[in-house]
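J.: Dumping the structure here so I can ask a few things about it.
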Amino acid sequence: MAASSGYLLGKEIMSSAMYERMRANPKFRQLVSTRGRFAWTLAAIVLTMFYGFVMTVAFNPQVLGRPVTEGSMLTFGVAAELFMFIFFWLLTAFYVRRANTEFDAISQEIVNEAWQETRQ
């Protein structure tokens, strides 16, 4: 719920001064930097794999049509897509786990420190 002097956090109002203290905290800059690097690294992995697959489809499609083993109905293309689906799901779970543990804990520390500074 918005208020004229800030935003509701639990039962307390977060003021603009508190936001400024949070932004000035070195932990905040470190959090933004670490979280950004982590997200961009995962995005690069996903894009590299996905576009690598698309490039294989475009320039060497016969590789994807080959069976994984002789006499198998499963092709490399289907196996690669299944692997990518599971791998991307695991990367998402990895990001969510890290965000919910490490990043949220640091965020809470930053908020608590800013809150203590504004109450003094």
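If you want the numbering used here, it's the 1-based position in the sequence shown plus 458.
Where a beta carbon is used, it is the ideal one built from N, C-alpha and C, also for glycine.
1. Is DSSP giving Thr514 helix, strand or coil here?
2. Reducing DSSP to helix, strand and coil, say where Ser491 ends up.
3. Alpha carbons only, please: which of Asn518, Arg487 and Pro525 is nearest the one belonging to Ile564?
4. Mark Ala497 as exposed unless 16 or more other C-beta atoms lie within 10 angstroms of its C-beta, in which case mark it buried.
5. Val536 to Arg524, Cα distance in whole Å?
6. Can you tell me where the alpha helix (DSSP H) holding Met542 begins and where it ends?
7. In chain order, what residues of the same chain have a beta carbon less than 7 Å from the beta carbon of Thr514, not counting five sequence neighbours either side?
8. Between Val504 and Phe552, how many whole angstroms is the CB-CB distance? I'm expecting something under 8 Å.
9. Quick one: Cα of Lys485 to Cα of Ala538, how far?
10. Report the option in Thr492, Ser491 and Tyr509 whose CA atom is closest to the CA atom of Met542.
T.: Taking the definition as stated:
1. Indexing the sequence shown from 1 puts residue 514 at position 56. Secondary structure at Thr514: helix, using DSSP grouped into helix, strand and coil.
2. As a position in the sequence shown, residue 491 is number 33, starting the count at 1. DSSP places Ser491 in helix when its eight states are reduced to three.
3. Position 106 of the sequence shown, counted from the first residue, corresponds to residue 564. Among Asn518, Arg487 and Pro525, the Cα nearest to that of Ile564 is on Arg487.
4. Residue numbering aside, residue 497 sits at position 39 when the sequence shown is read from its first letter. Classification of Ala497: exposed, given that the 10 Å Cβ count is below 16.
5. Against the sequence shown, residue 536 aligns to sequence position 78. Against the sequence shown, residue 524 aligns to sequence position 66. Within the model, the alpha-carbon separation for Val536 versus Arg524 is close to 10 Å.
6. Indexing the sequence shown from 1 puts residue 542 at position 84. Boundaries of the alpha helix (DSSP H) harbouring Met542: Phe534 to Arg556, taken from the DSSP string.
7. For the purposes of this step, residue 514 is taken as the residue at position 56 of the sequence shown. Cβ-Cβ distances below 7 Å link Thr514 to Val521 and Leu522 in the same chain, with the five nearest sequence neighbours on each side left out; the list follows chain order.
8. Locating residue 504 in the sequence shown gives position 46, where the first residue counts as 1. Locating residue 552 in the sequence shown gives position 94, where the first residue counts as 1. So it is not a contact: roughly 12 Å between Cβ atoms.
9. Residue 485 sits at position 27 when you count from the first residue of the sequence shown. Residue 538 sits at position 80 when you count from the first residue of the sequence shown. Taking the straight line from one Cα to the other gives about 40 Å.
10. Sequence index remark: in the sequence shown, residue 542 carries index 84 (1-based). That would be Tyr509, whose Cα lies nearest to the Cα of Met542.
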